[in-house]
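To start, the structure under review is shown below, and the notes come after it.
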Amino acid sequence: MFHDPLMPAAPRCAEVTAEVLSNSPVNGEYRLMELAAPPEVLECHPGQFFQLLCPTSGADQPYLRRPMSIYGYDAAAGRLQFLYKIAGAGTRGLATLRPGDGLNVLGPLGVGFSMPPEWRNLMLVARGVGLATLAPLAKLAQAEGRRLTAICSARRADLAMSTDLFRSYGAEVIVVTDADGSSSVESLRALIGGRIAAGQVDAFYTCGSSRLLRLLQELGAAHGIPGEIAMEQQMACGIGMCQACVRSFRVGDQIVQRRVCREGPVFPIAEAMA
Amino acid sequence: MFHDPLMPAAPRCAEVTAEVLSNSPVNGEYRLMELAAPPEVLECHPGQFFQLLCPTSGADQPYLRRPMSIYGYDAAAGRLQFLYKIAGAGTRGLATLRPGDGLNVLGPLGVGFSMPPEWRNLMLVARGVGLATLAPLAKLAQAEGRRLTAICSARRADLAMSTDLFRSYGAEVIVVTDADGSSSVESLRALIGGRIAAGQVDAFYTCGSSRLLRLLQELGAAHGIPGEIAMEQQMACGIGMCQACVRSFRVGDQIVQRRVCREGPVFPIAEAMA
Amino acid sequence: MSDLSTKIGRLTLQNPIMPASGTFSEDLAAVFDLDRIGAHVLKTITAETRSGNPTPRVCELPGGMLNAIGIPSKGIDYFREHALPFWARYSAPLVVSISAHSAAEFATLARAVSLPGVAAIEANISCPNIEADGKAFAMSPESTEAVMRALRGATDLPLWAKLTPNTGEPIEVAQAAEAAGADALVVANTVLGMAIDIESRRPRLGNVMGGMSGPAIKPIALRMTYQCARAVAIPVIGCGGIATLDDVLEFLIAGARAVQVGTETFRSPTVMLRLIEALDQWMAARGIGSLDQIIGTIAAEADEAARHWGAAS
Amino acid sequence: MSDLSTKIGRLTLQNPIMPASGTFSEDLAAVFDLDRIGAHVLKTITAETRSGNPTPRVCELPGGMLNAIGIPSKGIDYFREHALPFWARYSAPLVVSISAHSAAEFATLARAVSLPGVAAIEANISCPNIEADGKAFAMSPESTEAVMRALRGATDLPLWAKLTPNTGEPIEVAQAAEAAGADALVVANTVLGMAIDIESRRPRLGNVMGGMSGPAIKPIALRMTYQCARAVAIPVIGCGGIATLDDVLEFLIAGARAVQVGTETFRSPTVMLRLIEALDQWMAARGIGSLDQIIGTIAAEADEAARHWGAAS
Ligand SMILES: Cc1cc2nc3c(=O)[nH]c(=O)nc-3n(C[C@H](O)[C@H](O)[C@H](O)COP(=O)(O)OP(=O)(O)OC[C@H]3O[C@@H](n4cnc5c(N)ncnc54)[C@H](O)[C@@H]3O)c2cc1C
Ligand SMILES: Cc1cc2nc3c(=O)[nH]c(=O)nc-3n(C[C@H](O)[C@H](O)[C@H](O)COP(=O)(O)OP(=O)(O)OC[C@H]3O[C@@H](n4cnc5c(N)ncnc54)[C@H](O)[C@@H]3O)c2cc1C
Ligand SMILES: Cc1cc2nc3c(=O)[nH]c(=O)nc-3n(C[C@H](O)[C@H](O)[C@H](O)COP(=O)(O)O)c2cc1C
Ligand SMILES: Cc1cc2nc3c(=O)[nH]c(=O)nc-3n(C[C@H](O)[C@H](O)[C@H](O)COP(=O)(O)O)c2cc1C
Ligand code: FES
Ligand code: FES
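Residue numbers (the working numbering), protein chains in the order written: chain C, 1 to 274; chain S, 1 to 274; chain Y, 1 to 313; chain F, 1 to 313.
This is the structure we're talking about:
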């Protein structure tokens, strides 16, 4: 997963202006943006991201680009999708885009998820925009004929996102909510533990919450189950130049720093530090 | 015309957000903007100006306000008009405003034209946006029963602006053009000289070009005809605080500096320096 | 209504918002009631009359401006006979900014402006526009100490030293001003900058170089405010790029006991009033009774946890 | 095609556009052909391995950013074994930026990186992120001269001294670097700044203060470039806030023989290519055959006439 400086393993990426096809709210907190994008940015892999040059809007002048996971890509159709939550200046700017507007995107970036052949039964666990990151992974898993279980966590059942999408990729979808307590660490430990006991989990994929990360590290260690996590960190360049996006990882008994944008954003669950 | 620091003679001005009613091109180079404005900014006097907080547009981020002469004002109707030419970042921003948009304006500012009772026969000479500045003066002159001659200079006859407006204020309008040579200094000297000889000029009003200023200074000195000029200078504050907008004036045998925004923008023609 | 008052040495201001020198004048009385702001800080005066720099004197930048106004001054007599009587109508404390070419001239001028009606003297030892290449007393601790000591000997009025962000020794300069008897520091004046017109290949300012102000310099002024507030015991007044309530709060949290608003008043002459109201509301909404609960409360370090998104959230 | 080549001492660059240290790496090869730019300036390395500063390491500003990356470095061995062979594939000159804690260590490191394939050494004597309160060698002429002299004694490679805009003595520092044998000056590094999160009352950077970069600092870097270009005979390379062709031209007109593009590459990784093309077109449209017709052609003063509108136009 780490690159040899003699041969930049970074997939080629490009800076292009893509055309907004749609950009509408999905269930209040999130927005789905679809872009018409040229082929040079569509050789994507699940888990990769783009850096978006968000438009200024009113007093908001986002200066740096904003990292956003690829929610969907279709090279044949020339389509690229992002699912995002309005958080601050940049995403507020994104939300102002209308069909026909241009958006400067840079990507695809980073190293996505791996899917070794022996990982037959995949368990995806995520919440919120984390589900956006896992969506293209689910699609790939289906294409590769893996068995898929997606645990989608949300505040309330009606806020659980992309469940139909995951089902369409052949996943068994389990919605857990804060409302009925099923999203608590204890409930999840029981739920996932049961699946492990039934031999239904070869690998975990997650992103988002450190609560989930810790739980999966614990279960993974106890049962010898590997997995990957997509991580976040503030970025300036997104392509490896600035070293702004480092996080610490535990590798053996050492703590090492890795760039989320370049060595990641996907890392082994066992090495991630919450 | 100069203020006593013990009693700020500055007319009260206000910073308000006015609503754009229309903002359309008039003859290619110029645009007319009409605003719905509240009474606190409508006690205007011809020759005064506003400072406009021009919107950002694209890469243009006008930081300072832009001075703009009052082209028309109507306190009863709650209307304020500007006639402007697109010159750079700020006026480009102005041109993007659409009906219903808000524009933050600060004014009215500065000291306008005076019109002593003995000035019965007024001659207005101007070109381009200079005509914008003289328009409200013409209206006032009509209300006060003065006789008015307006020499409107332009590249071509069809580019001469506001001629109908001046006529509606009872002015005799003379269009002079570069195209037929009638706008040259020599032609104008002859034209105006003739009127002076006929006893038809008690005072000049002008603004804009230093060629015209020099001509009127010369004719004014030769024939003892007073007059006023509205001047321009780059401004930061527009209300007298920053001293950015000074220009030099000849007063007796001294050169003095005056703030265009505060002691002006209107000054005696005899004292102005081209 | 929260208590917005703040003490700058023995002066108590009704609120911490005041204008910066050179961006305020009696003309602003045409816009709002000047008695609502914390203090009145006048444009720098010199003993002699001065005409200032050639035009163009200002130049616009993205997020700010350059100026090379150059301290035009009507001199001390005009100040005594016209300016002082004008300001006498107000109750907000009057702060007179002065400049001179030597410590001795500074002292003479300070004596001359130590008049009834003057609440404090701000020593502009930091103007980048009147000396070659932006040199000013406040560039070095030695010259700062010399001029402030001369001033201290010349007046009993509270003495504010206005510092420059162009020095490489901001802490040493601040400490020198304090050691010489300054009652407060104003941090800071403009940042020396330049702009060139591409087509004519000429400097955009008549004076070639000039002082940068506005939001673009805020991070620099804030940094220096923080450095100075930690290094001296006297009050620090923050100045540089302040335009919003957030800016005011940043400076207060960094340790400023009050702030000066400069260039933003050119964009919005009523901004000081809005900042006072916004600060009042912000404090009220949080049950913060006095500025002391804000001033200098910066935490020692960034909170990694609070900034960790994703897996750490 | 105009001739865009420029000479920096004995090095000839095919064009005057190169990256600034710390805003460039082999990763950019994924975006465009790196041989199209004037030179390759690498991220500063140190002899030892360093992990850099705690996160958050960057913070966004209007028109720029703050960084406190803190020179993480994989050390000299990694450089020799991995970085150098990677860059060997390119023909653009390789400029290696180095940093150290003392003149002696600087010299040792310079010796160690004086290897085939290295075209020049850029001495980062101006990083505000590794010393307390932004202190760096380039803050004073004395320490600049000492470290540059040690470096000069250690290598025959062209030596570029990267200066800091945080000094109060930019001219003296530039002249000290020249006197000590620098072949060129890079003007300049980041401006020391700070930002505070209002709600948490914490610094926005893990290292509290950091270096400001981007368009917001351009007038400062341009001013210093102008000051230095007038004060020394060696070439000056402009750096700070360059994002557009106009910016490039401003620096060249002010006297820079080349420019470095930093933060803008984060916003647009292909900006250097666009600048090279735009410069070429601008020169061609005006019949300007070589950069010498641009470099240092600034007029002595603003043209009042050219800026007089209205009555004077
Ligand atoms: C690899 C990666 C993939 C991501 N994928 C998605 C996604 O698919 N959908 C989605 O809604 N969000 C995603 N995020 C988070 C998204 O980048 C932030 O929500 C966004 O940057 C916030 O910008 P803002 O201007 O709206 O907020 P502000 O809070 O105003 O941003 C201020 C600064 O902090 C940075 N920042 C704020 N939050 C985050 C964060 N969570 N991660 C990294 N930097 C942050 C911003 O980029 C900016 O530099 C992803 C982040 C990373 C690193
Ligand atoms: C009292 C007064 C009244 C004016 N009335 C009118 C009017 O009625 N109609 C009209 O079209 N124009 C008028 N002008 C000129 C108008 O202010 C400028 O055209 C405008 O400021 C240009 O701004 P910009 O951003 O489009 O151009 P830019 O060239 O990008 O402006 C850059 C800077 O230069 C200043 N500047 C540029 N040209 C002038 C100028 N001629 N005078 C003063 N500052 C200038 C701008 O304000 C700005 O600060 C008037 C100017 C003054 C001083
Ligand atoms: C046009 C202008 C004139 C100024 N004149 C003075 C002055 O006379 N004396 C002084 O101490 N500072 C002067 N300053 C500096 C301001 O007081 C203030 O320190 C600086 O502008 C930074 O604050 P700001 O970013 O809020 O404007 C002037 C600034 C501007 C923009
Ligand atoms: C993230 C980041 C890292 C930097 N690292 C270095 C560095 O290692 N060495 C150095 O000399 N300058 C470093 N700089 C400074 C740049 O080289 C440059 O001098 C500065 O950013 C100003 O140019 P700019 O405004 O074009 O970015 C860094 C700047 C940034 C933004
Ligand atoms: S964001 Fe620049 S190295 Fe990762
Ligand atoms: S523009 Fe500020 S004094 Fe005239």
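Where a beta carbon is used, it is the ideal one built from N, C-alpha and C, also for glycine.
- In chain order, the residues that have a beta carbon nearer than 6 Å to some heavy atom of ligand 5 are C:M235, C:A236, C:C237, C:G238, C:G240, C:M241, C:C242, C:Q243, C:A244, C:C245, C:R259, C:C261, C:R262.
- When 8 Å is used as the limit between beta carbons, G52 (chain F) is near these residues of chain C: Q243, V246, Q257, in chain order.
- Closest in alpha carbon position to V96 (chain F), among F:A88, F:V118, F:K7, is F:V118.
- In the three-state scheme derived from DSSP, where H, G and I count as helix and E and B as strand, W119 (chain S) is classed as coil.
- The criterion of a C-beta distance shorter than 8 Å is satisfied by C152 (chain S) and L131 (chain S).
- Annotation: T265 (chain F) to L103 (chain S) spans about 35 Å, alpha carbon to alpha carbon.
- The C-beta of G38 (chain F) comes no closer than 8 Å to any C-beta of chain C.
- Classified as exposed, G58 (chain S) has fewer than 16 neighbouring CB atoms from the shown chains inside 10 Å of its CB.
- In this structure, E232 (chain C) has its CB closer than 7 Å to one or more heavy atoms of ligand 1.
- Within the same chain, Cβ atoms closer than 8 Å to the Cβ of S22 (chain C) are found at L32, M33, E34, P99, the five residues on either side in sequence being excluded.
- Identification of chain Y residues near R65 (chain S) by a Cβ-Cβ cut-off of 8 Å yields F266, R267, ordered along the chain.
- Residues of the segment 18–43 of chain F with a C-beta atom less than 8 Å from some C-beta of chain C are G22, T23, F24, S25, E26, D27, L28, A29, A30, V31, K43, listed in chain order.
- The nearest non-hydrogen atom of ligand 1 is less than 7 Å from the C-beta of Y71 (chain C).
- For the pair L66 (chain Y) and V129 (chain C), the Cα-to-Cα distance works out to about 44 Å.
- The count of Cβ pairs closer than 8 Å, one atom from the segment 14–26 of chain Y and one from the segment 48–62 of chain Y, stays below three, leaving the stretches out of contact.
- Around the beta carbon of H101 (chain Y), a 10 Å sphere encloses fewer than 16 other beta carbons of the protein chains shown; the residue is thus reported as exposed.
- For L192 (chain Y), the enclosing beta strand (DSSP E) covers residues 191–194.
- K43 (chain F) has its alpha-carbon roughly 50 Å from the corresponding atom of A120 (chain Y).
- Shown here, C261 (chain C) sits in coil according to DSSP, grouped into three states, outside any helix or strand.
- For K162 (chain Y), the shortest separation between its Cβ and any heavy atom of ligand 3 lies below 7 Å.
- Secondary structure note for P141 (chain F): its alpha helix (DSSP H) is the uninterrupted segment 141–154.
- For S182 (chain S), no alpha helix (DSSP H) encloses it, and the DSSP letter there is neither H nor E.
- Under the three-state reduction of DSSP output, E232 (chain S) falls in the coil class, being neither helix nor strand.
- Remark: the shortest separation between the CB of T244 (chain Y) and any heavy atom of ligand 1 does not fall under 7 Å.
- Distance from the C-beta of I217 (chain Y) to the nearest heavy atom of ligand 4 is not below 7 Å.
- With 16 or more other Cβ atoms from the protein chains shown falling within 10 Å of its own Cβ, L213 (chain C) counts as buried.
- Beta-carbon to beta-carbon, G210 (chain F) and A104 (chain F) are separated by about 28 Å, too far to satisfy the 8 Å threshold.
- Interface annotation for the segment 64–77 of chain Y against chain S: G64, M65, N67, I69, P72, criterion Cβ-Cβ distance under 8 Å.
- Inclusion of S97 (chain Y) in the 7 Å shell around ligand 3 follows from its C-beta lying nearer than that to a non-hydrogen atom of the ligand.
- Looking at the DSSP output, R250 (chain S) bridges to S:I255.
- Below 8 Å, enough C-beta pairs join the segment 37–49 of chain S and the segment 61–71 of chain S to call them touching: three or more.
- Under a criterion of Cβ atoms nearer than 8 Å, the residues of chain Y adjacent to E15 (chain S) are, in order, V31, S268, P269, T270.
- Using a Cβ-Cβ cut-off of 7 Å, R201 (chain Y) is close to I253, T297, I298, A299 of chain F, given in chain order.
- By the neighbour-count criterion, in which 16 or more other beta carbons inside 10 Å mark a residue as buried, I255 (chain C) falls on the exposed side.
- Contact between I234 (chain F) and L185 (chain F) holds: their C-beta atoms lie close to 6 Å from each other, under 8 Å.
- Within chain Y, the residues P62, G63 have their CB atoms less than 8 Å from the CB of Q61 (chain S), given in chain order.
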